[in-house]
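Number of protein chains: 2
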Amino acid sequence: MNNKAITPRDVDFAKWYTDIVRAAHLADYSSVKGCIVIEPNGYAIWEKMQEILDKKFKELGHTNCQMPLLIPENLLKKEGELVEGFAPEVAWVTEGGQKKLTEKLCIRPTSETLFCDYYASHIKSYRDLPKLYNQWCNVLRWEKETRPFLRSREFLWQEGHTIHETKEEAINETDQMMGIYNWFHNEILAIPSIRGKKTEKEKFAGAEYTLTNEALMYNGVVLQAGTSHYFGQKFTKAYDVKYANRENKEDYPYQTSWGTTTRMIGGLIMVHSDDYGLVLPPRIAPKQVVIIPIGTSDIVTKVANKCKEELEKNGISSYLDDSDKSPGFKFSEAEVNGIPIRIEIGDRDIANQKIVFVRRDTREKITESLDIEIVSYVQNLLETIQNDMYMRAKKRRDELTFTAHNMQDIENILNTQPGFIHADWCGSQKCEEKIKEIKGCKSRCILENEELIDGKCVCCGKKAKHHVVWGIQY
Amino acid sequence: MNNKAITPRDVDFAKWYTDIVRAAHLADYSSVKGCIVIEPNGYAIWEKMQEILDKKFKELGHTNCQMPLLIPENLLKKEGELVEGFAPEVAWVTEGGQKKLTEKLCIRPTSETLFCDYYASHIKSYRDLPKLYNQWCNVLRWEKETRPFLRSREFLWQEGHTIHETKEEAINETDQMMGIYNWFHNEILAIPSIRGKKTEKEKFAGAEYTLTNEALMYNGVVLQAGTSHYFGQKFTKAYDVKYANRENKEDYPYQTSWGTTTRMIGGLIMVHSDDYGLVLPPRIAPKQVVIIPIGTSDIVTKVANKCKEELEKNGISSYLDDSDKSPGFKFSEAEVNGIPIRIEIGDRDIANQKIVFVRRDTREKITESLDIEIVSYVQNLLETIQNDMYMRAKKRRDELTFTAHNMQDIENILNTQPGFIHADWCGSQKCEEKIKEIKGCKSRCILENEELIDGKCVCCGKKAKHHVVWGIQY
Numbered sequence: 345m346n347n348k349a350i351t352p353r354d355v356d357f358a359k360w361y362t363d364i365v366r367a368a369h370l371a372d373y374s375s376v377k378g379c380i381v382i383e384p385n386g387y388a389i390w391e392k393m394q395e396i397l398d399k400k401f402k403e404l405g406h407t408n409c410q411m412p413l414l415i416p417e418n419l420l421k422k423e424g425e426l427v428e429g430f431a432p433e434v435a436w437v438t439e440g441g442q443k444k445l446t447e448k449l450c451i452r453p454t455s456e457t458l459f460c461d462y463y464a465s466h467i468k469s470y471r472d473l474p475k476l477y478n479q480w481c482n483v484l485r486w487e488k489e490t491r492p493f494l495r496s497r498e499f500l501w502q503e504g505h506t507i508h509e510t511k512e513e514a515i516n517e518t519d520q521m522m523g524i525y526n527w528f529h530n531e532i533l534a535i536p537s538i539r540g541k542k543t544e545k546e547k548f549a550g551a552e553y554t555l556t557n558e559a560l561m562y563n564g565v566v567l568q569a570g571t572s573h574y575f576g577q578k579f580t581k582a583y584d585v586k587y588a589n590r591e592n593k594e595d596y597p598y599q600t601s602w603g604t605t606t607r608m609i610g611g612l613i614m615v616h617s618d619d620y621g622l623v624l625p626p627r628i629a630p631k632q633v634v635i636i637p638i639g640t641s642d643i644v645t646k647v648a649n650k651c652k653e654e655l656e657k658n659g660i661s662s663y664l665d666d667s668d669k670s671p672g673f674k675f676s677e678a679e680v681n682g683i684p685i686r687i688e689i690g691d692r693d694i695a696n697q698k699i700v701f702v703r704r705d706t707r708e709k710i711t712e713s714l715d716i717e718i719v720s721y722v723q724n725l726l727e728t729i730q731n732d733m734y735m736r737a738k739k740r741r742d743e744l745t746f747t748a749h750n751m752q753d754i755e756n757i758l759n760t761q762p763g764f765i766h767a768d769w770c771g772s773q774k775c776e777e778k779i780k781e782i783k784g785c786k787s788r789c790i791l792e793n794e795e796l797i798d799g800k801c802v803c804c805g806k807k808a809k810h811h812v813v814w815g816i817q818y
Numbered sequence: 345m346n347n348k349a350i351t352p353r354d355v356d357f358a359k360w361y362t363d364i365v366r367a368a369h370l371a372d373y374s375s376v377k378g379c380i381v382i383e384p385n386g387y388a389i390w391e392k393m394q395e396i397l398d399k400k401f402k403e404l405g406h407t408n409c410q411m412p413l414l415i416p417e418n419l420l421k422k423e424g425e426l427v428e429g430f431a432p433e434v435a436w437v438t439e440g441g442q443k444k445l446t447e448k449l450c451i452r453p454t455s456e457t458l459f460c461d462y463y464a465s466h467i468k469s470y471r472d473l474p475k476l477y478n479q480w481c482n483v484l485r486w487e488k489e490t491r492p493f494l495r496s497r498e499f500l501w502q503e504g505h506t507i508h509e510t511k512e513e514a515i516n517e518t519d520q521m522m523g524i525y526n527w528f529h530n531e532i533l534a535i536p537s538i539r540g541k542k543t544e545k546e547k548f549a550g551a552e553y554t555l556t557n558e559a560l561m562y563n564g565v566v567l568q569a570g571t572s573h574y575f576g577q578k579f580t581k582a583y584d585v586k587y588a589n590r591e592n593k594e595d596y597p598y599q600t601s602w603g604t605t606t607r608m609i610g611g612l613i614m615v616h617s618d619d620y621g622l623v624l625p626p627r628i629a630p631k632q633v634v635i636i637p638i639g640t641s642d643i644v645t646k647v648a649n650k651c652k653e654e655l656e657k658n659g660i661s662s663y664l665d666d667s668d669k670s671p672g673f674k675f676s677e678a679e680v681n682g683i684p685i686r687i688e689i690g691d692r693d694i695a696n697q698k699i700v701f702v703r704r705d706t707r708e709k710i711t712e713s714l715d716i717e718i719v720s721y722v723q724n725l726l727e728t729i730q731n732d733m734y735m736r737a738k739k740r741r742d743e744l745t746f747t748a749h750n751m752q753d754i755e756n757i758l759n760t761q762p763g764f765i766h767a768d769w770c771g772s773q774k775c776e777e778k779i780k781e782i783k784g785c786k787s788r789c790i791l792e793n794e795e796l797i798d799g800k801c802v803c804c805g806k807k808a809k810h811h812v813v814w815g816i817q818y
C-alpha cells in the first residue's frame, strides 16, 4: 500500500530517507562529489524557512549583508582554534585567471574571519556598536561522508555575526538567538527540541561557549539544529578589533555568531515523514492545500476555482491541480510531496452537497457539507495538523528518552533503541571520551537547569557537575 | 555646500562614484582582491531588487532551485564556445580536505553546464517540459580591473535557465524575460533603457543570440543591464539532453538563460545620484521616508510616532530617527543615504500647524499644513519623485544620444562627450572592429526595428543591414 518508490521506514531508515528526498523531488546528487542540486520542491521549503527567520531577525534589529566567498590563507590563520577546527575540511582555490595565485584562498567554511576583518576597519568608537549583522549564503566543508541535506560539502545557511560593547549584551544576544532557533523548531517545524550548552569538547572552534538546539529524529538519532556561540573577546583580540569606549579608552568588543542550515530540511523529513512520502507541518509547507477536481464538469470546475480563490485571498497557500493526469495520480503526487490538506471536489459529492478533505499527516478522509465556511474550516484544520504533528513527534521523542545511571545502562539503551539519554556527568573530558566509545555516543548538551543534577557521574561515579543529554548524532 | 566626503561629480566621475559607495555605506573593499563586502545599506537595495524580480518570475511560472557552486573541469569543457569564453576568467579549486584533487573544480562563472547536466538526467519525455528554473546565487569571474558593484570578481545575481519543447516557446521566453528586465529598469529603477540584440561578436559565449538591455549613465558611458540568451539546441546537443517528443521520437529540447546582477546597484548610483550622496527612486528604496523629530517635546514625539505608524500601516517603508544625534547630522545622513522623502517635525512648526517635507531628488523643502492627509500626500509625492527621476534621466539620456554618419562623426562625438551613438552598420565584423578602435567604442545593440535603417554603414559606406547603438561601456 505504500509508495512503491519508497523503502518502508522500518525496513531501512537510511534508504527510506534518501527515497523520500528523491520521490518528493527535494534534491538530487550532482556531478560534483558531495554536492547536491536543491530542486524546486526542496528550495521552496528553504525559501519559507528564510522568510520566517529573516523576518524575526529583522524584528530584533539585525540587518543582512554579504561578505566575500573567499578567505585568504593568512586571514584564516589568525585565530588558532578556528583554523585548527576548520583547516582539515576546507577547499582551496590556487589558480585564477589562468595563473597560479601567490596566496591561496579558501572557500568560506564559516565567516568569522571576514566579519572580524570588516569590523576591524569599521568600528572606532562605542557609538559604532552594536553591529547586528547576518548573511544568507553558501559555505563549503570538505566532508568525507555526505548525505543530501544532512551533510553535504556545500550547504546553504544563515550566519549571524554580532559585536557588542559589553559582555552582558553579547551574552544576552547569544541567548536570545538560541531562543529564536528553539521557537523556530518547536513552533514552526513542529520538531520538539531541547536547548542546552555544548561541552568544552563539542563547542565551536574558537567560541567561549556554544548554545545548541538538539532534535531527536524518528529513529532515535540526534540532529544538531541551530547553534549560537559566545566568543567573548577571543576573535576581537586575534583580529585586533579595537574601539574607544565611553571612557575614551581602547578596548576590545564582545562577539557572537549563530547559524542554522538547509540540514533542517533533512530534519523535517526524519521527524515527520512516513512510508507514503514527505509530511510537512502546515506552517513550513510552501503549499498548504491542494485542490483536486474529479472530472471536468462545469460545476466541479466552478466549485474548485472558487475554493482556491477564497483560500488564497485569506493567505492560505493553495493550488488547483487541473492538469490532465488522473485523480489517482494527483492524489499520490500530493501525498508524496507532503501537502498538508488535499481537497477533493467531484460531481457525485457536489450532488450530495458534500466536499472531501484528506489530512496528509493521518491520511484521514473527512467528508463535510458543501456549505461549510471553507476558510475558517481549513485554517482550523491546518492548526490541528500542526499541533497534532508536534504532539506526535513529542510523544515519539519522549518514548525515546531514557535515563542512564551507569555505563551498562547506556550500552543497554543503545543496544535496544537509540534516543536521548539523560545522565549526570562529572565534567571530565576523560569520562566524555569513554562514553563516546559506546557506539559513538556523544554529549549533545548540558541542560542549563542545575536542579536536574541528582547524583553521580554516569562514567566514573564521582560527584556530578552537570546533567547532560547524550546520543548518537547525524 | 556638498557633502565633504564626496568628490563633485563633474570634477572626477570615477572618484565621485566610489565616494558615494563608501559614504552611503553600500559596499567596501575586502581583504580579498577584487571582492567586495556588500554592507547593509547596499544589501537592502539588492533584497528589494530580489523581492520585485522574484515575484515577477514566479508569476510567470518560474521556480527557484540551487545548483552546486563548483563545476568539474570535464563538465565545463563540453560546450566549446562557452569554455572558450569563460576559461580565461575562472578560479580553480585544486585542493580539498588537505588533499590535491584528481580533477580540478572551477567556481561557477555561470551555470549553464550544471543545469544541462541536471536536465540530462531529469528530462525523459515532452511531459517533463518546460522547466522554468531560476537561481539566486554568487558567481565568480577573475576580472583584472575591478570596481565596486560594476565589476567585481565575485558578484550576486539571478540566472534563469529554461528548457522547452519547441523553438517558438524558447524564443518567446527569451523575449518575455528581456521584457521583464526592460520593465524593471524603466519602471522600478527609473533608468530609461533600450533593448536590442547583441551582434555576433558581442553575444554570450554559446548563445544563438543574445537580447540585451542597455542603459546610459550620467557621464555618457553605457552599462549593460540584463541579458537574455536564446540557445536553441546548442547546449542540449553538447550535453546530450534528449527527450521523447509527442511522436515518441528522440529529440533535443530548446533552451534559454537570462540574468541580472548586483551591478545594477552601480547603475542606480551612476544615473541618479548627485554631489550630496545617493539618490534612490522610491520604488527601489528600502526605506522611502525618514521622519526626523526636532527636539524631544511630548508633542513632537507624539506627532512623529503617529506619522510613522500611519505610513507603515499603509505600506510606506518609513523610519523614525529618534537617536541622540543632532537634527543637522540626521538630515545629512538621510541625504547621503538617498532616502526619497524626509519629514521634519518640530515644536515651532507644530505651533504654526505646519509640517515640513524635503524631497531628496530635488532637495526642495515643502511646508504643508499639519492636518494634511499624510498617507495619500506621501504616496503622491513618492510617485512624483519616481516619475520626475525617470524624466530627468531620460532627458539626460536624450541629450547624450547622437547620430553618426561616418567615422569622423563618431570621433567628434567621443572627443566631446560620450553617449549613445546611433549609426547604421553593414553587419561585417571588420567594420565593428574598426569602430572599436575609436576609444573602444563598441556595438551595444542592434535595434530590432528595421525601419530605423536609412542608409549606409558608418564605417565602410556600403549598404547598411542594421541600425545599431554604439557606445563606450563599463
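Taken in sequence, the protein lines are chains V and L.
Read in order, the letters of the first sequence correspond to residues 345 to 818 in the numbering used here.
Read in order, the letters of the second sequence correspond to residues 345 to 818 in the numbering used here.
Just so it is clear, CB atoms sit at the ideal spot from N, CA and C, and this is done for glycine as well.
All figures in this text were calculated on a predicted structure; none of them were measured in a lab.
Check the DSSP bridge columns for E654(V) and list the partner residues they point to.
BP columns for E654(V) are empty, so no partner.
Quick check on the DSSP output: what are the complete alpha helix (DSSP H) runs of length 4 or more inside the segment 491-535 of chain L, in order along the chain?
511-527
Going along chain L, which residues have a C-beta under 7 Å from Y387(V)?
N408, C409 and Q410
Would N557(L) pass as a contact of S537(L) if the rule is Cβ separation under 7 Å?
yes
Return the bridge partner residues of Q817(V) from the DSSP annotation.
V566(V)
Counting only beta-carbon atoms, is Y462(L) nearer than 7 Å to chain V?
yes
Just verifying my parser: in three-state terms, what is the DSSP assignment at M345(L)?
Note that M345(L) scores a pLDDT of 49, beneath 50, so its modelled location is shaky; the value from the coordinates is reported in the next line. Residue state, collapsed to three classes: coil.
Range of the contiguous beta strand (DSSP E) that encloses E790(L)
First, the amino acid is wrong: residue 790(L) is Ile here, not Glu. That run of the beta strand (DSSP E) goes K786 to I790.
Fully enclosed by the segment 674-715 of chain V, which beta strand (DSSP E) runs are 3 residues long or longer?
685-690, 698-703 and 709-713
Taking only three categories from DSSP, how would you classify F575(V)?
strand
Any C-beta of chain V sitting closer than 7 Å to the C-beta of M345(L)?
With a pLDDT of only 49 at M345(L), under the threshold of 50, the placement of this residue in the model should not be trusted; the figure read from the coordinates follows. Judged by the 7 Å Cβ criterion, M345(L) is not in contact with chain V.
Please list the partners that V634(L) has in chain V, where partner means a Cβ-to-Cβ separation under 9 Å.
Near V634(L) there are no residues of chain V at all, since even the closest Cβ is about 16 Å away, more than 9 Å.
Which residue or residues does DSSP assign as beta-bridge partners of F746(L)?
I765(L)
Could you give the residue range of the alpha helix (DSSP H) that holds V615(V)?
R607 to H616
Distance cutoff 7 Å, beta carbons only. Does N482(V) sit that close to anything in chain L?
yes
Please identify, using Cβ separations under 8 Å, the residues of the segment 438-456 of chain L that lie next to chain V, in order along the chain.
T438, E439, G440, G441, Q442, K448, L449 and I451
Do you know how far the Cα of Y620(L) is from the Cα of M345(L)?
The predicted position of M345(L) is uncertain, since its pLDDT is 49 and thus under 50; no value can be drawn from it.
Coarse secondary structure for Q599(L), derived from DSSP in three states
strand
Closer than 7 Å between beta carbons: that is the criterion. Which residues of the segment 769-787 of chain L meet it against chain V?
none
CA nearest to the CA of M751(V), picked from F764(V), C770(V), L744(V) and K778(V):
K778(V)
Grouping DSSP H, G and I as helix and E and B as strand, with all else coil, what is C481(L)?
strand
Run down chain V in chain order and give the residues with a C-beta less than 7 Å from the C-beta of P597(L).
Within 7 Å Cβ-Cβ: nothing; P597(L) doesn't reach chain V, min ~18 Å.
What does A629(L) reach in chain V if we use C-beta pairs closer than 8 Å?
Ordered by position in chain V, no residue passes the 8 Å Cβ test against A629(L), which lies about 15 Å from the chain.
Enumerate in chain order the residues of its own chain whose CB-to-CB distance from Q577(V) is below 7 Å, with the five nearest sequence positions on each side excluded.
Y596 and Y598
8 Å contact criterion, which G441(V) and W486(L) should meet: CB distance rounded:
4 Å
Pair within 7 Å by beta-carbon distance, R590(L) and Y734(L):
no
Compare the C-alpha of A412(V) against each of A371(L), C409(L), T745(L) and A388(L) and name the closest.
Checking the sequence shown, residue 412(V) turns out to be Pro, not Ala. Among A371(L), C409(L), T745(L) and A388(L), the Cα nearest to that of P412(V) belongs to A371(L).
Report the rounded CA-to-CA distance for K511(V) versus D461(V), giving the unit in angstroms.
20 Å
Between F499(V) and the rest of its own chain, which residues show a CB-CB distance below 6 Å, the 5 nearest in sequence each way excluded?
T605 and T606
Give a yes or no on whether 7 Å exceeds the smallest Cβ distance from V802(L) to chain V.
no
Taking Cβ-Cβ distances shorter than 7 Å, what residues in chain V pair up with S375(L)?
P416, L419 and D461
Would a C-beta distance cut-off of 7 Å place P630(V) and A464(V) closer than the cut-off?
no
Counting contacts by CB-CB distance shorter than 7 Å, is I467(V) in contact with chain L?
no
Express the C-alpha separation of Q697(L) and V615(L) in angstroms, rounding to a whole number.
38 Å
Look up K444(L) in the DSSP assignment and give the residues it is bridged to.
E439(L)
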